[in-house]
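Asker:
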Amino acid sequence: MQPEIRLATVDDAEAGAWCHLLCWREAYAGLVPDDVLLERTSDIERRISRWRANLGEGRTRWIAVRPGAAVEDRVAGFIGTGPGRDEDAPVPFELEAIYTRQAYWKTGLGTRLLDVAVGKQPAFLWVFEANTRARAFYERHGFEPDGTGKHDPYFDLYEIRMVRH
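Read in order, the letters of the sequence shown are residues 0 to 164 in numbering that gives the first Met the number 0.
1. Answer yes if the segment 57-70 comes into contact with the segment 149-160, meaning at least three C-beta pairs across the two stretches below 8 Å, and no otherwise.
2. Short of 7 Å in beta carbon distance, which residues of its chain neighbour Leu20, apart from the five on each side in sequence? Order them along the chain.
3. On the CB-based measure, 16 or more other CB atoms within 10 Å of its CB, does Glu86 come out buried or exposed?
4. Hey, Phe142 and Arg163 are a contact pair by Cβ (cut 8 Å); roughly how many whole angstroms apart?
5. Could you work out which residue in Trp23, Leu36, Ala52, Met0 is closest to Asp11 when comparing CA atoms only?
6. Less than 7 Å separating the beta-carbons of Arg84 and Glu93?
7. How is the beta strand (DSSP E) around His150 delimited, first residue to last?
8. Between which two residues does the beta strand (DSSP E) containing Arg163 stretch?
9. Within the segment 90-141, note down every full alpha helix (DSSP H) run reaching 4 residues or more, in order along the chain.
10. Which residues in the same chain as Val9 place their Cβ atom closer than 8 Å to its Cβ, once the five residues preceding and following it in sequence are excluded?
11. Would you mind sorting Ala135 into buried or exposed? The rule is 16 or more other CB atoms within 10 Å of its CB.
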């Protein structure tokens with residue numbers, strides 16, 4: 000059964016934070032050294048606080064919920080969107096984050112989240128250059144690299160910007 004997609008509320012912060020950290024562990028295994036990945040994904044209280052703050056400030060987060068699941072597994076995926084944060088934003092709308100738990104890869108959940116939160120509108124996003132799986136997903140949905148890149152100090156990886164006009 001596919002999870003229900005709905006807007007997140009502050010009450011979803013803990014489950015959303017668990018999904019966020021677990022998705023990072025699954026998506027970035029092999030891209031980020033194991034010790035760095037474990038260290039960057041171990042502070043659940045900090046991530047819950049970030050989710051609470053973002054949701055409390057009205058940031059848009061859609062979540063894919065599995066009702067009745069333990070808090071660590073309640074959210075199977077999420078997507079965050081908003082006005083472009085880059086000074087040189089190529090389009091006004093940014094896809095800030097989209098993740099699904101590994102068990103939901105290739106099930107259509109990522110596409111469902113993208114359709115609900117972004118639809119067909121122009122948007123841009125940042126993705127790790129070495130994350131070929133994610134890049135292929137974005138390319139299937141019309142995003143292309145625009146030649147802009149930057150270093151992400153948190154995971155020490157190079158990111159590229161992708162745009163869909």
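Quick reminder that beta carbons are idealized off the backbone N, C-alpha and C, glycines included. All values reported here derive from a predicted model rather than from experimental measurement.
Answerer: If we stick to the structure as given:
1. no
2. Thr40, Ile43, Arg46
3. A residue is called buried once 16 or more other Cβ atoms fall within 10 Å of its Cβ, and Glu86, having fewer, is exposed.
4. 5 Å
5. Ala52
6. yes
7. Per DSSP, the unbroken beta strand (DSSP E) holding His150 starts and ends at 143-151.
8. 156-163
9. 108-116, 131-139
10. Arg51, Leu54, Gly55
11. exposed
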